[in-house]
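Accompanying notes for the structure given below.
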Amino acid sequence: MAPPVFRFAPSPNGFLHLGHAFSALLNFDRARKTGGRLLLRIEDIDATRCRPEYEAATYEDLAWLGIDWETPVRRQSEHLADYRAALDRLSALGLVYPAFESRTEIARLVAAREANGPWPRDPDGAPLYPGEAKSLPAPERDRLLASGRPYALRLDMIAACRHVTGLTWNELGEGPDGERCTVPARPQAWGDVILARKETLTSYHLSVVVDDAIQGVSEIVRGQDLFHATAVHRLLQVLLGLPEPAYRHHRLICDDEGRKLSKSSRSTGLRALRAAGITPASIRQLVGLG
């Protein structure tokens, strides 16, 4: 049997903090415990926020923690053709359509809908897409595309869910020997998610499932904040004929007010902690790994 494959996949849009350290160390520890492999992936599809200096700092911080990984590192910006091929496959199934509303227009549509009662929201609290681009006549859609107007390519969730039945995922307990359970997946709770934009040829949802399949990732260890997004990922895996990994969603490291850490949290940034004399062993204690 092939050894299990794990990955840590940060975005280089800021410096790593204690939450990143916790996730990276969990993956590293799991790889060592199981005789598996640890991969590092740089999720840099957001060209407006990702910077080379943050990527370089990521390597430095992980090495300081005592984490090593296989090379070469996969950088998403170098593999856009892989995501385009997956998007084309979904388009061939008739599951993708362009939506032309701006964020401001979508907010206005949601406000209009909510005048008649609550509008449904996804598990992250964002309103579901309220537009009607899916029903645009083909000539009007072609006209808007030819005009150069910005658009988002959305997944027709209702049509996509007709292709699957009994969608689930395998969830592992948080502890090192946590019990496995089967979780029902409800991707429809997310509505017509965005798979790509005119200016960005992929999205997190699309690229993460393509990358995990190409890299042979067999156990995904990531934060509890992505638990519900797994339903979308499982749907895309089935639609694209990709392997099913196991998932382990770990607790989040929060600030003193109970909020999830962000990259603007200087007090919990690894570089700041290192400069203050904190050791890698102390970082393990701070995140509860002993």
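For the sequence shown, position 25 (counting from the first letter as 1) is numbered 23 according to the working numbering, and the numbering increases by one without interruption.
Every residue gets a Cβ at the ideal spot worked out from N, C-alpha and C, and that includes glycine.
- The DSSP-derived three-state label of N168 is strand.
- Close CB contacts of L204 within its chain, under the 8 Å cut and outside five residues either way in sequence, are with Y81, A84, L85, L193, A194, L234 (chain order).
- By the beta-carbon neighbour count (other beta carbons within 10 angstroms, threshold 16), R101 is exposed.
- DSSP lists L38 as the bridge partner or partners of F6.
- If you compare the alpha carbons of P182, D254, L287, D190 with that of Y127, the shortest gap goes to D190.
- In this structure the segment 210 to 222 lies against the segment 237 to 253, because at least three pairs of beta carbons, one per stretch, are closer than 8 Å.
- By the Cβ-count criterion, T228 is buried, with 16 or more other Cβ atoms from all chains shown falling within 10 Å of its own Cβ.
- With 16 or more other CB atoms across the displayed protein chains lying within 10 angstroms of its CB, R5 is buried.
- Along the segment 202 to 261, the alpha helix (DSSP H) occurs as fully enclosed runs of 4 or more residues at 202 to 212, 228 to 238, listed in sequence order.
- Excluding its 5 nearest sequence neighbours in each direction, R184 has C-beta neighbours in its own chain below 6 Å: A229, listed in chain order.
- Take P182, set aside five residues on each side of it, and the residues of its chain with a beta-carbon closer than 8 Å to its own are L165, T166, in chain order.
- In the structure shown, the three-state DSSP call for G267 is strand.
- Cβ-Cβ distances below 6 Å link A7 to R39, E41 in the same chain, with the five nearest sequence neighbours on each side left out; the list follows chain order.
- Scanning A187, R139, L134, A150 for the CA closest to the CA of C159 turns up A187.
- For I192, the enclosing beta strand (DSSP E) has its first and last residue at 192 to 195.
- Closest option to A19, judged by alpha-carbon separation, among A0, T163, E58, L63: L63.
- Spatial neighbours of P148 in its own chain (CB-CB distance under 8 Å, excluding positions within 5 residues in sequence) are listed in chain order as F98, S100, R195, K196, E197.
- Around the beta carbon of A211, 16 or more other beta carbons lie within 10 angstroms, which makes this residue buried.
- Across the set P1, G17, A0, the C-alpha of G17 shows the shortest separation from the C-alpha of G256.
- Burial check for N25: the Cβ neighbour count within 10 Å reaches 16 or more, so the residue is buried.
- Our two residues, R106 and P125, have alpha carbons roughly 11 Å apart in a direct line.
- R35 places its beta carbon less than 8 Å from that of P1.
- By alpha-carbon distance to E242, the top candidate from E169, A273, H77 is E169.
- With a cutoff of 8 Å on beta-carbon distance, A55 and R269 are scored as near each other.
- Between V215 and the set L240, T200, I251, S21, the nearest pair of CA atoms involves L240.
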